[in-house]
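Take a look at the structure set out below.
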Amino acid sequence: MSHGRIDLIESRCTSCMICARECPVWCIHIESHTEVNADAPTQQTGRGPRSRTRNVLDSFIIDWSICMYCGICVEECPFDALEWADAAVPSADLAGLRHDIDQLAPT
Numbered sequence: 001m002s003h004g005r006i007d008l009i010e011s012r013c014t015s016c017m018i019c020a021r022e023c024p025v026w027c028i029h030i031e032s033h034t035e036v037n038a039d040a041p042t043q044q045t046g047r048g049p050r051s052r053t054r055n056v057l058d059s060f061i062i063d064w065s066i067c068m069y070c071g072i073c074v075e076e077c078p079f080d081a082l083e084w085a086d087a088a089v090p091s092a093d094l095a096g097l098r099h100d101i102d103q104l105a106p107t
């Protein structure tokens, strides 16, 4: 199977960082923050369950200038948030090889 670039399905990404940790060349950079999950019960009186939190994705960047296109990130993502795309990585210069969430969205 041939492939071009890797697309991010943002709605599936939980900011677990597995893709970034498993990347042999560390070309994936993720930033996120934690928010209290509004759907879960919260701790009101100091007793009972603690507040549930979730990670919210702020930034997801792949630096194609150092990516080996090995696909380890795609294989290791437990939420199928990364997938191979047929499109090539478009760029005319080295600075254009650093793609963020908007550029990684499936077309």
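The opening residue of the sequence shown carries number 1 in UniProt numbering; numbering runs sequentially from there.
All residues carry an ideal CB built from backbone N, CA and C; glycine is no exception.
These numbers come from a predicted model, not from an experiment.
Need the endpoints of the alpha helix (DSSP H) that I18 sits in, please.
Your numbering for residue 18 matches position 18 in the sequence shown. Note, I18: alpha helix (DSSP H), I18 to E22.
In chain order, each beta strand (DSSP E) run of at least 3 residues that lies wholly inside the segment 55-95:
82-84
Taking the alpha-carbon of D80 as reference, which of R5, G4 and E10 has the nearest alpha-carbon?
Position 80 of the sequence shown holds residue 80. Per the Cα distances, E10.
So, with DSSP's three-state summary, where would you put I28?
Working through the sequence shown from its first residue, we reach residue 28 at position 28. Residue state, collapsed to three classes: strand.
Could you check the C-alpha separation between M1 and N55 for me, to the nearest Å?
Here residue 1 refers to the residue found at position 1 of the sequence shown. Here residue 55 refers to the residue found at position 55 of the sequence shown. Legend: pLDDT at M1 = 46, less than 50; position of this residue unreliable, no value from coordinates given.
For R50 and A38, the rounded distance between their alpha carbons:
Against the sequence shown, residue 38 aligns to sequence position 38. Against the sequence shown, residue 50 aligns to sequence position 50. Approximately 13 Å between the Cα atoms of the pair.
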